[in-house]
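>
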Amino acid sequence: MVMLVLGRVNHPVVERMRANVIDVTSPFLAVLSRPIDQIDAAMDWFGTVLTMVSENSRLKVENERLRQWQAAALALERENERLRIQLNAPVLMSKRVATPRVIGVAGGPFVKSVMVNAGTRQGVMRDFPVVDERGLVGRVFEAGAYSARVLLITDLNSRVPVRIQRTGDPAIARGRNETLLEMSFLPHDADPQIGDAIVTSGDGGIFSPDILVGHIISIETGDIRIRPVSLLDRLEFVQVLMPLSRVLQEGLVSDENTVPATLEQAEP
Numbered sequence: 001m002v003m004l005v006l007g008r009v010n011h012p013v014v015e016r017m018r019a020n021v022i023d024v025t026s027p028f029l030a031v032l033s034r035p036i037d038q039i040d041a042a043m044d045w046f047g048t049v050l051t052m053v054s055e056n057s058r059l060k061v062e063n064e065r066l067r068q069w070q071a072a073a074l075a076l077e078r079e080n081e082r083l084r085i086q087l088n089a090p091v092l093m094s095k096r097v098a099t100p101r102v103i104g105v106a107g108g109p110f111v112k113s114v115m116v117n118a119g120t121r122q123g124v125m126r127d128f129p130v131v132d133e134r135g136l137v138g139r140v141f142e143a144g145a146y147s148a149r150v151l152l153i154t155d156l157n158s159r160v161p162v163r164i165q166r167t168g169d170p171a172i173a174r175g176r177n178e179t180l181l182e183m184s185f186l187p188h189d190a191d192p193q194i195g196d197a198i199v200t201s202g203d204g205g206i207f208s209p210d211i212l213v214g215h216i217i218s219i220e221t222g223d224i225r226i227r228p229v230s231l232l233d234r235l236e237f238v239q240v241l242m243p244l245s246r247v248l249q250e251g252l253v254s255d256e257n258t259v260p261a262t263l264e265q266a267e268p
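Residues 1 to 268 in this note's numbering are what the sequence shown spells out, letter by letter.
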């Protein structure tokens, strides 16, 4: 009762007594708290070790599965190359026209486009496909003498003929002025799945086939969304390619200005 009463008293003598008690007891409390802190640290370390062991086991299984896929892919690539040689089938190439820098972004609720510092003087023309190091960016829709405007695939006016790489089902990837694309005109018997790679089909004579566009990330009734793989929100340099129709007219040109139509396939 005395301690309770003294605890409610704000007299200077009582405050000095409380301060002296704290000074005396704080070293003991610090000593007593050290084992508890060590036990907490040990439990955290033990939990981290268990998490790392579980993650390591998962990564080992995934790494083994990827090695099997790599072996299968290499075997299929060799087989494909032998069959191409036997059939005398040409490898479709897309001629690189220019590698300009993005110098302006026209973003807004009604337009998704960028401006590049290459125009007709550098060979850039309307409807030339544009890609970055990952995949399809869009196409040129206005070309001046020294600059051009590129319509991004996310623009509401963008329509790209595509196909599901796994099944070959054709479709149209439409922009929605959002970060995602919408897949439409897919056959009724198609079997899209989450993670499927979407590539250009080559229809329409603009985009060469097998340019990576994106991956399916959601499937709902009548609504399939694609996440583009290109860096549309932070473009710096892009490549302007010759349209498929002009590539077919001019024939295959195997020099330093040609690139395979199939770009590197990024993982979803």
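Just so it is clear, CB atoms sit at the ideal spot from N, CA and C, and this is done for glycine as well. It should be emphasised that the depicted structure is a prediction, and the values quoted were computed from it without experimental measurement.
1) Using the three-state DSSP reduction, which class does Thr51 fall into: helix, strand or coil?
2) By alpha-carbon positions, which one of Ala19, Met115, Gln193, Glu77 ends up nearest to Glu166?
3) So who's on the other strand from Gly135, going by DSSP bridges?
4) Taking just the CA atoms, how far does Leu152 sit from Asn177?
5) Tell me, please, whether the CB atom of Asp223 is closer than 8 Å to any CB atom in chain D?
6) Which residue marks the beginning of the alpha helix (DSSP H) containing Leu151, and which one marks its end?
7) Please report the straight-line C-alpha distance between Pro268 and Leu248, rounded to a whole angstrom.
8) Give the secondary structure of Asn20 by DSSP, where H, G and I count as helix, E and B as strand, and everything else as coil.
9) Ile219 to Ile211, Cα distance in whole Å?
10) Looking only at its own chain, which residues have a Cβ that is under 8 Å from the Cβ of Leu241, when we skip the five neighbours before and after it?
11) Using beta-carbon positions only, say whether His215 and Asp191 come within less than 8 Å of one another.
12) Considering only residues of the same chain and omitting the five flanking positions on each side of Asp155, which have a CB-CB separation below 6 Å?
13) So which of Gly204, Asp40, Val150, Val31 has the shortest CA-CA distance to Ile172?
14) For a test of the three-state rule: what should DSSP assign to Glu236, helix, strand or coil?
15) What does the alpha-carbon distance come out to for the pair Val13 and Val5?
Taking the coordinates as given:
1) helix
2) Position check: residue 166 holds Arg in this sequence, whereas Glu was assumed. Of the listed residues, the one whose Cα sits closest to Arg166 is Gln193.
3) Gly135 is not bridged to any residue.
4) 9 Å
5) Of the chains in the structure shown, none is chain D; there is only one protein chain.
6) Note, Leu151: premise wrong, no alpha helix (DSSP H); beta strand (DSSP E) at 148 to 152.
7) For Pro268, the pLDDT reaches just 45, beneath the cut-off of 50, and the residue's location in the model is therefore unreliable, leaving the point undetermined.
8) helix
9) 22 Å
10) Ser94, Lys95, Arg96, Val97, Phe128, Pro129, Val130, Val131, Ser208, Val259
11) no
12) Lys112, Gly175
13) Gly204
14) coil
15) 14 Å
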